[in-house]
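Some notes on the structure that comes next.
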Amino acid sequence: MPGESLSVKIKSALRSFSFRVGVLFFVALCTTLIVLRVHIYYQSVSTAYEDIRAIVNAHAEEISQGIDKYGISYVHYLVKAMIEDTQDKHLYLVFREGKHLSGNLSPWPSEINLKLHWQEISIPQDDEKPPLHLLVKATSYKNNGALLIGYDLQRVDFLRDTLLRVAIANILLSLLMSFSLSILVVWLVNRHLQFINRACERVMRGQLQYRVLVRGANDQFDKLGANINSMLDWIATLLGTVRDSTNAIAHDMRTPLSRHRIELQALIDDPGISPAVREKIGAAVMRVDGIVEMFDNILSIAKAESRTGTELFVEINMNEIVEDVIEFYAALLEEQRQQLTVDIPLTPLWMTGDKQLISQAVVNLVDNAVKYTPEGGHIRVSLRAEGSFIIATVSDNGPGIPKQFMNQAKERFFRVDESRNTPGTGLGLSLVNAVATLHHGTLTLTDNDPGLCATLRLSRNIEVG
Amino acid sequence: MKILLVEDDDSHAQFIVDGLKQAGHTVDHAKDGMDGLFLATEEKYDVMIVDRMVPKLDGLAIIQALRASGNKSPVLILSSLSKVDERIKGLKAGGDDYLTKPFEFGELIARIEALVRRGSLEQSEQTILKLDDLEMNLLTRVVKRGSSLIELKNKEFRLLEFLMRRPDQVVTRTMLLEGVWDFHFSPNTNLIDAQMSKLRQKVDKDFKKQLIHTVRGAGYKISAQEV
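Rendered as structure tokens:
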């Protein structure tokens with residue numbers, strides 16, 4: 000919506016359901032990917048270790064069998080033979096007996112701990128080569144004898160490095176993808192919901208013919224949209240029925256009333272009747288007019304409340320409307336010696352609205368003030384703009400409305416008991432309230448201490464069509 | 000005047016026919032839309048009064064058909080539908096005026112007369128309106144009675160202009176509400192009387208000859224002749 004600050008927009012986006020779904024989707028996808036990558040990493044590395052251990056163990060077994068057969072000194076020979084035979088450059092064998100050392104690693108690595116079965120050691124090398132990283136199995140024999148079978152872990156290290164790099168790249172890529180995907184999901188969900196939300200908002204604003212766009216994809220959104228559309232069709236049918244029947248009632252009621260009124264009027268014009276009778280007939284004519292007025296008001300209220308009445312919305316100058324109404328009442332105000340203070344800005348306040356209904360609302364407010372303010376009383380009419388609203392206030396120093404009735408005063412047919420003697424239908428304020436609703440605004444009644452202060456708030460920029 | 004009335008309610012129609020005849024007019028009455036359209040095309044009427052809702056053919060359809068065939072006789076729509084949008088629909092369909100039931104008989108007569116005279120009066124682009132010794136300059140907004148200036152407020156000026164454009168013609172309170180204030184609802188019509196009495200004080204009070212007259216049961220009339 001226009002006018003909202005960026006932080007409000009962001010906050011509402013964070014609260015939105017689709018955003019939460021997006022985050023959930025993102026987190027779930029990332030967790031799965033990370034678990035998978037870690038698993039692959041450990042599986043591959045541990046398999047590589049297993050292979051190396053198997054090679055080392057196979058040699059250890061062979062040497063152990065040699066010792067059993069030929070005694071410990073045979074190992075010097077065996078180690079040499081094995082080194083010569085093997086094509087595996089990664090295998091390291093060293094046998095120590097006293098100070099005698101045979102094998103392809105020299106000197107005896109100092110960090111070997113003969114109490115540990117398996118260990119990883121790192122032996123610095125000359126010629127700027129990287130240190131030798133070995134997995135070592137060491138076995139000790141009597142008389143300071145010891146056997147070391149080692150295997151270069153270069154291959155495993157390379158595998159580990161590669162896996163780690165691939166995993167990181169993979170996770171980063173997946174993060175990026177899942178992030179984009181969740182944004183796409185959020186966007187798609189939002190887009191579909193927007194069609195529905197937009198339609199609902201338009202209908203609430205009174206554009207009852209507006210429908211949700213159904214794209215024909217036959218997914219849940221289409222189904223929801225189609226359901227909402229059928230519901231709106233049904234509501235439109237019901238409203239149409241109500242409208243047709245009110246029109247029919249209006250027709251069936253007005254024609255006999257019209258006949259009745261013409262008859263009564265003809266009697267008044269009859270020279271043969273007495274002035275007293277004439278006066279009574281005159282009162283009957285006024286009652287007929289009262290019924291018709293009440294009927295008109297109820298129809299206007301119903302129409303304004305249903306917010307279906309935006310077809311007559313035009314650009315209107317509120318200053319002009321208020322000034323016209325004041326001028327309309329000026330003569331009566333003078334007659335009743337009521338003081339009037341008018342506070343209207345010099346620049347015209349324009350808005351989109353139903354001119355007749357707004358005029359009638361302002362007339363009703365001023366009429367109430369004039370009717371209930373005693374002779375010599377004071378009435379104040381003001382008009383101002385506040386943000387995207389126009390605010391018209393009519394206040395008086397008459398008897399006002401008792402606090403306990405303040406809320407009821409806007410209901411249909413409500414009248415404070417004491418004022419039953421004053422002519423009126425009890426529909427004036429409820430019409431004003433309905434007009435406010437139609438223009439996305441409010442009618443607020445407050446105590447003017449003494450008197451009543453009625454504040455009519457109307458939205459200036461209502462979208463029509 | 001020769002008037003056609005299209006109205007389905009018999010007794011209501013009878014009152015209107017009687018009233019119009021008493022006022023010296025000739026009236027033909029059609030009970031439904033088909034008869035109405037037939038009479039309207041066969042005969043030449045000065046004005047037609049058409050109910051909005053009549054059987055067989057809707058009131059608006061009659062008017063549309065007549066306008067489409069080039070018939071330009073003024074039409075007053077009589078309706079039970081008071082809402083402004085209904086009124087606009089009626090006028091858009093080609094109606095010239097719209098009157099909601101129930102109405103004062105004086106209102107009906109005044110509106111019919113206004114419709115018949117409208118052609119000659121409202122199209123004229125006069126800038127000076129004159130009646131007896133009362134003169135109104137619409138451009139300079141100066142109003143004079145004889146040699147004395149009359150100062151009028153904005154709406155008083157519009158009110159006098161409305162009357163002066165319809166000399167010797169009855170103007171009803173509703174016509175004034177609609178024409179001068181553009182109020183298409185019925186506020187306290189006594190207020191029109193208060194406005195008129197102020198206008199009369201300014202225009203007539205200090206002069207021997209009264210120009211603004213009250214027509215009982217109908218409204219007001221501006222005329223140089225005594226009523």
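Keeping their order, the protein sequence lines are chains L and H. Residue numbering for the first sequence follows numbering that gives the first Met the number 0, beginning at 0 and increasing consecutively. Residue numbering for the second sequence follows numbering that gives the first Met the number 0, beginning at 0 and increasing consecutively. Backbone N, C-alpha and C fix where the C-beta goes; we use that ideal spot for every residue, glycine too.
Classification of residue i by the beta-carbon crowding that lies within 10 angstroms, buried from 16 upward
| i | result |
| --- | --- |
| L/Trp-233 | exposed |
| L/Gln-264 | buried |
| H/Asp-205 | exposed |
| L/Gln-124 | exposed |
| H/Gln-168 | buried |
Close Cβ partners of residue i (< 6 Å) along its chain, the five nearest in sequence each way excluded
| i | result |
| --- | --- |
| L/Arg-486 | No answer is possible for residue 486 of chain L: the residues shown for chain L start at 0 and end at 464. |
| H/Leu-151 | Val-142 |
| L/Ala-225 | Val-213 |
| L/Arg-379 | Thr-340, Ser-394 |
| H/Pro-54 | Asp-7, Asp-31 |
| H/Val-83 | His-183 |
Chain-order list of residues whose beta-carbon lies under 8 Å from that of residue i (same chain, five-residue window excluded)
| i | result |
| --- | --- |
| L/Ala-384 | Pro-344, Leu-348, Ile-390, Arg-459 |
| H/Gly-93 | Ile-62, Gln-63, Leu-65, Arg-66, Val-74 |
| L/Ala-166 | Arg-36, Val-37, Ile-39, Tyr-40 |
| L/Ile-182 | Gly-21 |
| L/Met-465 | Since the displayed chain L opens at 0 and closes at 464, residue 465 of chain L lies outside it and no answer follows. |
| L/Asn-465 | The requested residue 465 of chain L is not part of the displayed model; chain L covers only 0 to 464. |
Residue i versus residue j: straight-line alpha-carbon distance, rounded
| i | j | result |
| --- | --- | --- |
| H/Ala-113 | L/Asn-396 | 44 Å |
| H/Tyr-44 | H/Lys-71 | 10 Å |
| H/Trp-180 | L/Ala-368 | 20 Å |
| H/Lys-197 | H/Phe-161 | 16 Å |
| H/His-28 | H/Leu-107 | 16 Å |
| H/Ser-147 | H/Lys-201 | 11 Å |
| L/Lys-136 | L/Leu-32 | 36 Å |
| L/Leu-466 | L/Val-44 | Absent from the model: residue 466 of chain L. The displayed extent of chain L is 0 to 464, so no value can be given. |
| L/Met-0 | L/Arg-204 | In this prediction, L/Met-0 has a pLDDT of 45, which is less than 50 and means its spatial position is unreliable; nothing more can be read from the coordinates. |
| L/Gln-453 | H/Ser-78 | Per the sequence shown, the amino acid found at residue 453 of chain L is Ala instead of Gln. Cα to Cα, the separation comes out at about 35 Å. |
| L/Ala-198 | L/Glu-304 | 19 Å |
| H/Arg-165 | H/Ser-10 | 32 Å |
| L/Arg-222 | L/His-191 | Strictly speaking, residue 222 of chain L in this sequence is Lys, with Arg absent from that position. For L/Lys-222 and L/His-191, the distance between alpha carbons rounds to 11 Å. |
| H/Leu-130 | H/Met-163 | 7 Å |
| L/His-89 | L/Ala-57 | 15 Å |
| H/Thr-99 | H/Asn-153 | 29 Å |
| H/Glu-103 | H/Ala-217 | 7 Å |
| L/Leu-382 | H/Arg-140 | 29 Å |
| L/Arg-210 | L/Gln-219 | 17 Å |
| L/Lys-128 | L/Arg-19 | 54 Å |
| H/Ala-223 | H/Val-170 | 15 Å |
| L/Leu-187 | L/Leu-437 | 33 Å |
| L/Asp-76 | L/Gln-118 | Looking at the sequence provided, one finds Tyr at residue 76 of chain L rather than Asp. C-alpha separation (whole angstroms): 25 Å. |
Residues of its chain near residue i, where Cβ-Cβ distance is below 7 Å and the 5 sequence neighbours each way are ignored
| i | result |
| --- | --- |
| L/Ser-429 | Ile-300, Lys-409, Glu-410, Arg-411 |
| L/Phe-178 | Phe-25 |
| H/Val-46 | Met-0, Ile-2, Ser-72, Pro-73, Leu-75, Ile-111, Leu-114, Val-115 |
| L/Val-490 | An answer regarding residue 490 of chain L cannot be provided, because it is not within the stretch 0 to 464 covered by chain L. |
| L/Gly-399 | Asp-446, Asn-447, Pro-449, Gly-450, Leu-451 |
Short CB-CB distance (under 7 Å) between residue i and chain L
| i | result |
| --- | --- |
| H/Pro-230 | Coverage of chain H is limited to positions 0 through 226, which leaves residue 230 of chain H absent and any answer about it impossible. |
| H/Asp-8 | yes |
| H/Asp-84 | yes |
| H/Leu-190 | yes |
| H/His-183 | yes |
| H/Leu-162 | no |
| H/Gln-194 | yes |
| H/Phe-156 | no |
| H/Lys-220 | no |
| H/Ser-147 | no |
Neighbour flag for residue i against chain H, beta carbons, 7 Å
| i | result |
| --- | --- |
| L/Gly-2 | Note that L/Gly-2 scores 48 on pLDDT, short of 50, meaning its location in the model is unreliable; the coordinates nonetheless yield the value given after this. By this cut-off, L/Gly-2 is not an interface position. |
| L/Gln-208 | no |
| L/Val-362 | yes |
| L/Leu-256 | yes |
| L/Ala-330 | yes |
| L/Gln-355 | yes |
| L/Leu-180 | no |
| L/Leu-444 | no |
| L/Ile-343 | no |
| L/Ser-358 | yes |
Expected contact under 8 Å - CB spacing of residue i and residue j to nearest Å
| i | j | result |
| --- | --- | --- |
| H/Gly-58 | H/Val-5 | 7 Å |
| L/Thr-392 | L/Gln-337 | No, L/Thr-392 and L/Gln-337 are not in contact; Cβ-Cβ is about 17 Å, not under 8 Å. |
| L/Ser-257 | H/Pro-186 | Between H/Pro-186 and L/Ser-257 the Cβ distance is about 21 Å, and since that is not below 8 Å, they are no contact. |
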